[in-house]
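Engineer: In our numbering, the protein residues as written are 387 to 580.
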Amino acid sequence: MKRKNCNVLALFSIRNKYSGTYTSFYIPRSVMSYNGIGLKSAKGSSTSGHIQRSLAHNNNNRRRNENQNQITKNTRNQGPTTTRPNRIKTIDKIIKLDNLEQQHISKLAAPKQQRYSVLSHLNKRKIELQVSELRDKLEDDDPNLPKDVIVEKCNKLRIELIKEQEISDRLKNVYTSRKDRNSSSPDSTTQISK
C-alpha cells in the first residue's frame, strides 16, 4: 500500500480479535523540533536537522522562584498558635538568600575598582605614547643630538603630562552634579513635596 503523506513513517493494520475487522492507522514521522522550535524536515535547509537544547533556557531563576514560593508557603501554612519547627529552616533560607544578594551586590561594586585601574593604565599608556612620539621626533629631526638631551626632554614631558593628569583627576572628583547632590541629601524628599 502506498503512503499518502511524506510525513508518515509507517502504516499499520491491527485486527480486532472480536469482530475480525482490520483497522489501519499511520504512525507520523517525528518532527525535528525541540519545544516547538525546529524544522519539519531538514530537506532544503542546508542543515543536518540536528536540534540541540536551548542554551538561553536557564534553570537558576526557576529554582530561585521555587525556593521563594516554598518559603512563603511554609510560613503561611503554619498558624500563629502552633509551634513552628520549619520556621528556623525558612529563616535560614532567607538568610542564605540575603547573603547571596549581598555577594551579588559586592560583585557589582568590585568592577568600579577594576575600571579605575584599567583607566589609570590607559592614561599611563597615553602618556608614554606621547613621550615616545617626542623621542622619535627628536631622533629623526637631529640625528647628532646626544641621547642625554633626548632622555632629559622626554622625562620633562613625562613629568608635565603626569601632573596634568593628576590635576584633571582631582577636578573630576571636585564637582558633583545637582542631581547627585539632591539625591544624597536627607531632606530631598521634603523639598520636592513642598
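Ideal Cβ placement from N, Cα and C applies to all residues, glycine included.
Remember, it's a predicted structure, so these values are computed and weren't measured experimentally.
(1) Can you name, in chain order, every residue of its own chain whose Cβ lies under 8 Å from the Cβ of Gln516, other than the five neighbours on each side?
(2) Suppose contacts are defined by Cβ-Cβ distances below 9 Å. Is Leu520 in contact with Leu531 by that definition?
(3) When the Cα atoms are used, what is the spatial distance from Asn509 to Asp522?
(4) Taking the DSSP output, what are the residues bridged to Arg567?
(5) With respect to the alpha helix (DSSP H) encompassing Ser554, which residues constitute its N-terminal and C-terminal limits?
(6) Can you tell me the Cα-Cα spacing of Tyr561 and Ser569, whole angstroms?
(7) I need the straight-line Cα distance from Asp527 to Glu550, nearest angstrom please.
(8) Any idea what DSSP makes of Tyr404, helix, strand or coil?
Structural biologist: Based on what the coordinates show:
(1) Taking the sequence shown and counting its residues from 1, the one referred to as residue 516 is at position 130. The residues are Leu543 and Leu547.
(2) Here residue 520 is taken as the residue at index 134 of the sequence shown, counted from 1. Here residue 531 is taken as the residue at index 145 of the sequence shown, counted from 1. Their beta carbons are not under 9 Å apart, which means Leu520 does not touch Leu531 by this criterion.
(3) On the sequence shown, position 123 is the one that residue 509 refers to. On the sequence shown, position 136 is the one that residue 522 refers to. Rounded to the nearest angstrom, the two C-alpha atoms are 20 Å apart.
(4) Counting from 1 along the sequence shown, the entry for residue 567 is found at position 181. Answer is none; Arg567 lacks a bridge partner.
(5) For the purposes of this step, residue 554 is taken as the residue at position 168 of the sequence shown. Lys533 to Val560 is the span of the alpha helix (DSSP H), which, as asked, contains Ser554.
(6) Here residue 561 refers to the residue found at position 175 of the sequence shown. Here residue 569 refers to the residue found at position 183 of the sequence shown. Each residue's Cα considered, the two are about 15 Å apart.
(7) On the sequence shown, position 141 is the one that residue 527 refers to. On the sequence shown, position 164 is the one that residue 550 refers to. Rounded to whole angstroms, Asp527 to Glu550 spans 27 Å at the Cα level.
(8) By one-based count along the sequence shown, residue 404 stands at place 18. Coil.
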